[in-house]
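Colleague:
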Ligand code: ADP
């Protein structure tokens, strides 16, 4: 199994609750490395692109409202099997499905306020890293 990069983003609820250190600790304890990171304030246009697959969902305005409510912390995380490994560490998208022991299972307050984004696949991770780390979003 080869090393992979994945894009991780700590969402505004994570920043406001002071859980950044806690979540980075979990990522590092798993053995993954943070190879780049930056704080960003995202625009609505940028979020429409990042969440294009959800733009026609009734809850999309709630995503926008949440993601525009404060800064986010983006990271490139690297390690063996890191894309799937981070999805397991993060836990299920839906609040009621996130297992105890996962980041969302332990800390999420709702499906919207679920603290953290992680890439779905290696290919999507590459696209997200390019989007977040090669364009001016701060
Ligand atoms: P993930 O963040 O697990 O990769 P998605 O890409 O499907 O999942 O969704 C992006 C974000 O949109 C989720 O993290 C969550 O904050 C929000 N979301 C997804 N589905 C719902 C839903 N049914 N109700 C409310 N918010 C949702």
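Numbering (our numbering), first residue to last: 1 to 138. Idealized CB from N, CA, C, for every residue including glycine.
#1: On the three-state DSSP scale, how would you describe residue 6?
#2: Which residues in the same chain have their Cβ closer than 8 Å to the Cβ of residue 66, if we skip the five residues on either side of it in sequence?
#3: What residue range does the alpha helix (DSSP H) around residue 15 cover?
#4: As an exercise, report each continuous alpha helix (DSSP H) stretch of at least 4 residues that is fully enclosed by the stretch 68-128, in chain order.
#5: Counting C-beta neighbours from all protein chains within 10 Å, is the total for residue 45 16 or more, i.e. buried, or is it exposed?
#6: Please classify residue 44: does DSSP put it in a helix, a strand, or coil?
#7: To the nearest angstrom, how far is it from the Cα of residue 18 to the Cα of residue 115?
#8: Does DSSP put residue 37 in a helix, a strand or coil?
#9: Between the beta-carbon of residue 41 and the beta-carbon of residue 61, is there less than 8 Å?
#10: Helix, strand or coil for residue 30 per DSSP?
#11: Should residue 118 and residue 6 be called a contact, given that it needs their Cβ atoms to be closer than 8 Å?
#12: Which same chain residues end up closer than 8 Å to residue 82 when comparing Cβ atoms and leaving out the 5 residues on each side of it in sequence?
Modeller: Considering the structure as presented:
#1: By one-based count along the chain shown, residue 6 stands at place 6. In the structure shown, residue 6 sits in a strand (DSSP, three-state: E or B).
#2: Here the question's residue 66 lines up with position 66 in the chain shown. Apart from sequence neighbours up to five positions away, the residues of its chain that approach residue 66 with a beta-carbon distance below 8 Å are 11, 12, 13, 112 and 113, ordered along the chain.
#3: By 1-based counting over the chain shown, the position of residue 15 is 15. According to the DSSP assignment, residue 15 belongs to the alpha helix (DSSP H) that extends over 12-16.
#4: For the stretch 68-128, whole alpha helix (DSSP H) runs of length 4 or above, ordered along the chain, are 82-90 and 103-107.
#5: For the purposes of this step, residue 45 is identified with residue 45 of the chain shown, where counting begins at 1. That one is exposed.
#6: Sequence index remark: in the chain shown, residue 44 carries index 44 (1-based). The three-state reading of DSSP puts residue 44 in helix, counting H, G and I together.
#7: Reading the chain shown from its first residue, position 18 is the one you call residue 18. Reading the chain shown from its first residue, position 115 is the one you call residue 115. Their backbone Cα atoms lie some 11 Å apart in a straight line.
#8: Sequence index remark: in the chain shown, residue 37 carries index 37 (1-based). Residue state for residue 37 is assigned as strand, using DSSP reduced to three classes.
#9: Here the question's residue 41 lines up with position 41 in the chain shown. Here the question's residue 61 lines up with position 61 in the chain shown. The answer is no: Cβ separation not under 8 Å.
#10: As a working mapping, residue 30 is identified with position 30 in the chain shown. Under the three-state reduction of DSSP output, residue 30 falls in the coil class, being neither helix nor strand.
#11: Locating residue 118 in the chain shown gives position 118, counting from the first residue. Locating residue 6 in the chain shown gives position 6, counting from the first residue. Their beta carbons are under 8 Å apart, which means residue 118 touches residue 6 by this criterion.
#12: Taking the chain shown and counting its residues from 1, one reaches residue 82 at position 82. Taken in chain order, the residues that qualify are 3, 4, 5, 6 and 32.
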